[in-house]
Amino acid sequence: MKRNRIPLMLLAALCLCGCAQQNPPADSTSSAETESSSGETANSAGGIAVTASEDMDADYQDLITRYFTALDQDDYAAYAETVYPPYLEQYTAFLEKNGSDPETAFHEMRAQFDEDGYEGWHFTDLQLSYYPEEKLDLDGFFQAYARAGFYGDEFIEQTKAAASEIRDVQFTLYALYTGDDEPIPVVSGREILVLKTEDGCYMFG
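Under our numbering, the letters of the sequence shown match residues 385 to 589, in that order.
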């Protein structure tokens, strides 16, 4: 059995999840098969079982599932379709200044889940809920990206103006490593930003 620990998070340059708030991790000993009493479980086309709180927008649930399915299947094109296009443009420019590109960064992000001694892995379970609005520091979240040099204040204001809604989603992700009997939490109690525009729902990062 693979040791029960949380490996490196998604690359900070790509996700920056949880930079604005300091949250305790979810209980890493809880079963991936445990369904929230206030949620419903559905299976995605990619094979990830999703447990979401009852108030979770179905469009956001589908979006986040597609995001992690793309990561699971090492499908950059599918991943890029989930990301807010203006953000992806800013991110691409940032990476190119540093001698990289978003597709390379995507594959490097995926490699963070690799473990010595294991031939492979796949995501099995995804748990989703909204981060409490009263605790949300949206400006702090955006500023975390700004401090990293991704963009400036003008882009932040443009994003806020274009979005009809911006939500902070807390998630826990499980993976099963080849040869193991049970999946383990590889990302616990972290956050990711989603938004709605007139063109659809997107991941921010």
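Built from N, CA and C at the ideal position, the CB exists for glycine as well.
Computed from a predicted model, the values in this text were never measured in an experiment.
State the beta-bridge partners of Met587 as determined by DSSP.
Note: Met587 sits in a beta bridge opposite Val467, Val578.
Assess, as a yes-or-no matter, whether the segment 578–586 is touched by the segment 512–529 under the definition of 3 or more beta carbon pairs within less than 8 Å.
With the cut-off at 8 Å, the segment 512–529 and the segment 578–586 do not touch.
Give the secondary structure of Phe555 by DSSP, where H, G and I count as helix, E and B as strand, and everything else as coil.
The three-state reading of DSSP puts Phe555 in strand, counting E and B together.
Kindly list the residues whose CB is nearer than 8 Å to the CB of Gly504, restricted to its own chain and excluding five residues on each side of it in sequence; keep chain order.
Sequence-distant partners of Gly504 (beyond 5 residues in either direction) whose C-beta falls short of 8 Å from its own C-beta, in its chain, are Tyr561, Thr562.
Measure the C-alpha to C-alpha separation of Asp498 and Glu541 and round it to an integer number of angstroms.
Going from the Cα of Asp498 to the Cα of Glu541 covers about 37 Å.
Identify whether Ile550 lies in helix, strand or coil by the three-state DSSP scheme.
It is a strand residue.
Using the three-state DSSP reduction, which class does Tyr475 fall into: helix, strand or coil?
Tyr475 falls in the helix class under three-state DSSP.
Specify whether the segment 464–474 and the segment 437–445 touch according to this definition: at least 3 beta carbon pairs, one from each stretch, less than 8 Å apart.
Counting Cβ pairs under 8 Å, fewer than three are found: no touch.
Measure how close the beta-carbons of Phe555 and Leu512 come, nearest whole angstrom, since I'm counting them as under 8 Å.
Sure, about 5 Å apart at Cβ, within 8 Å.
Near Asp459, which residues of its chain fall below 7 Å by C-beta distance, leaving aside the five closest residues on each side in sequence?
Nothing listed; no residue qualifies.
Express the C-alpha separation of Glu480 and Thr488 in angstroms, rounding to a whole number.
Cα to Cα, Thr488 sits roughly 11 Å from Glu480.
Taking the C-alpha atoms as reference points, what is the distance between Leu510 and Thr453?
Near 10 Å, if we compare the C-alpha coordinates of Thr453 and Leu510.
Can you tell me whether Asp500 is buried or exposed, with buried defined as 16 or more other CB within 10 angstroms of its CB?
Result: exposed.
Going by C-alpha to C-alpha distance, which of Leu557, Tyr586, Phe525, Asp552 sits closest to His506?
Leu557 is the residue among Leu557, Tyr586, Phe525, Asp552 whose C-alpha sits nearest the C-alpha of His506.
Counting along the chain, where does the beta strand (DSSP E) carrying Ser511 start and finish?
Inspection of the sequence shows that residue 511 is occupied by Gln rather than by Ser. Counted as a single uninterrupted DSSP element, the beta strand (DSSP E) harbouring Gln511 occupies residues 505–514.
Determine whether the Cβ of Gly501 lies closer than 8 Å to any Cβ atom of chain C.
Of the protein chains in the structure, only one exists, and it is not chain C.
What does DSSP give as the partner residue(s) for Ile568 in the beta ladder?
Within the DSSP secondary-structure output, Ile568 pairs in a beta bridge with Ala559.
In chain order, what residues of the same chain lie with their CB nearer than 7 Å to the CB of Phe534, ignoring the 5 residues before and after it?
Contacts found: Gln474, Tyr475, Phe478.
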